[in-house]
Amino acid sequence: MFDSILVPTDGSPGSERAFEAAATLARTHDTTVHVLSVVDEHGPTDDWDYDGDSPAAAFIESQANHVDTEDLSVTAAVREGVVHDAVLDYADETDINLIVMGTHGRTGVRRFLLGSVTEKVVRLADVPVLSVKADAEPGTVSFDDILLPTDGSSGAEAAIEPAGALASVTDATVHLVSVVDTRSLGVDVGSSVIVDELESVATDAVENTSDRLSEMGVETVETAIAHGVPYRAILDAIEEADADLVIIGTHGRTGIDRYLLGSVAEKLVRTSPVPVMTVRASDAGEEQ
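Just so you know, we're using the UniProt record's numbering here: the sequence shown kicks off at 1 and counts up by one.
Here it is as structure tokens:
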């Protein structure tokens, strides 16, 4: 599924962790990795410290010290402009299937550009975006346990195909979780009935998703129903499953609250201790 992977780089540790993750996926899918450096027309450039033909080419060379690049097909590119626009334009021009970016989990860091930029790309990209924390442990990345949250919406369904495609190739275990959001419910009898209905919806969501994954060749699927604040419950599920990766669907371009996994996905990008792949539903752009 991931025939062409893009790693935008600003030379930060987040970019290095993103490249490591991209290299793992590239070997799994026999994929070309594009490394893109963008000269930000609105930001400082003094922190760039590269020798060689281009910042991207120098970055690739520097990664060869701890990432085996000999068996990888890697392409270097440089663009100038507004960073997130340049990333999205390059992805469109070169038929990228996956964007892998580093993130600091916060905004306002001027020296490293890929904090807030990552969140903009997550909202706007037409292809999946894998966000990797800058403070992740350096070295080889593995995706043996994948957490796949679902609420049964079209946004959640968008994440099934990439999760299944990756898990079927790597023999990963997929951990399905659906969260019953009980924040606005009281403790009266009526609330109990509503909780039962929400649990029924959640159960249907994980069962239907499990069936879809099995049809895609995923051999090991585990399911769970959780209660509470969705993104916090998902964070707990990451720890319980010892997950290496979260794949979550989103209508993140619009940020409409009725799509549960829109705002939840963005919170996970900022707070998850493991990489998060966001997958935008194809119809998200139609919502206003």
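For every residue, glycine included, the Cβ atom is placed at its ideal position computed from N, Cα and C.
Candidates the options, of which the one nearest residue i by Cα
i: Thr203; options: Ile194, Val221, His227 and Ser178; result: Ser178
i: Pro8; options: Ala281, Arg232 and Asp40; result: Asp40
i: Ser116; options: Val193, Val264, Ser214 and Val83; result: Val83
i: Ala281; options: Ala156, Met101 and Glu199; result: Ala156
i: Thr220; options: Arg183, Asp85, Val129 and Leu166; result: Leu166
i: Ser142; options: Ala21, Pro149 and Ile247; result: Ala21
Pair within 8 Å by beta-carbon distance, residue i and residue j
i: Ala77; j: Ala56; result: yes
i: Glu266; j: Val122; result: yes
i: Thr118; j: Ser131; result: yes
i: Ser210; j: Leu176; result: yes
i: Leu6; j: Leu25; result: no
i: Ile160; j: Leu88; result: no
i: Thr103; j: Gly228; result: no
Secondary structure of residue i, DSSP reduced to three states
i: Arg79; result: strand
i: Arg280; result: strand
i: Ile238; result: helix
i: Ser214; result: helix
i: Pro273; result: coil
i: Glu222; result: strand
i: His227; result: strand
i: Val87; result: helix
i: Asp151; result: coil
i: Gly249; result: strand
Rounded C-alpha distance that separates residue i from residue j
i: Val38; j: Asp95; result: 18 Å
i: Asp144; j: Val195; result: 33 Å
i: Arg110; j: Glu197; result: Here Arg110 scores only 44 on pLDDT, less than 50, and its place in the model is too uncertain to base an answer on.
i: Ser4; j: Val33; result: 6 Å
i: Leu268; j: Val279; result: 13 Å
i: Glu80; j: Thr173; result: 41 Å
i: Trp48; j: Gly11; result: Reliability of the predicted coordinates at Trp48 is poor, the pLDDT of 49 falling under 50, and no value is obtained from them.
i: Ser168; j: Arg232; result: 28 Å
i: Phe19; j: Glu61; result: 12 Å
i: Thr75; j: Met101; result: 16 Å
i: Val274; j: Ser192; result: 34 Å
i: Asp242; j: Glu93; result: 37 Å
i: Asp30; j: Lys120; result: 28 Å
i: Ala237; j: Ala226; result: 8 Å
i: Asp151; j: Ser54; result: 44 Å
i: residue 289; j: Tyr90; result: Here the chain comprises residues numbered 1 to 288, so residue 289 is not present and cannot be evaluated.
i: Leu72; j: Gln63; result: 12 Å
CB-CB length for residue i against residue j, believed under 8 Å
i: Ala134; j: Arg27; result: No, Ala134 and Arg27 are not in contact; Cβ-Cβ is about 23 Å, not under 8 Å.
i: Leu245; j: Met277; result: 7 Å
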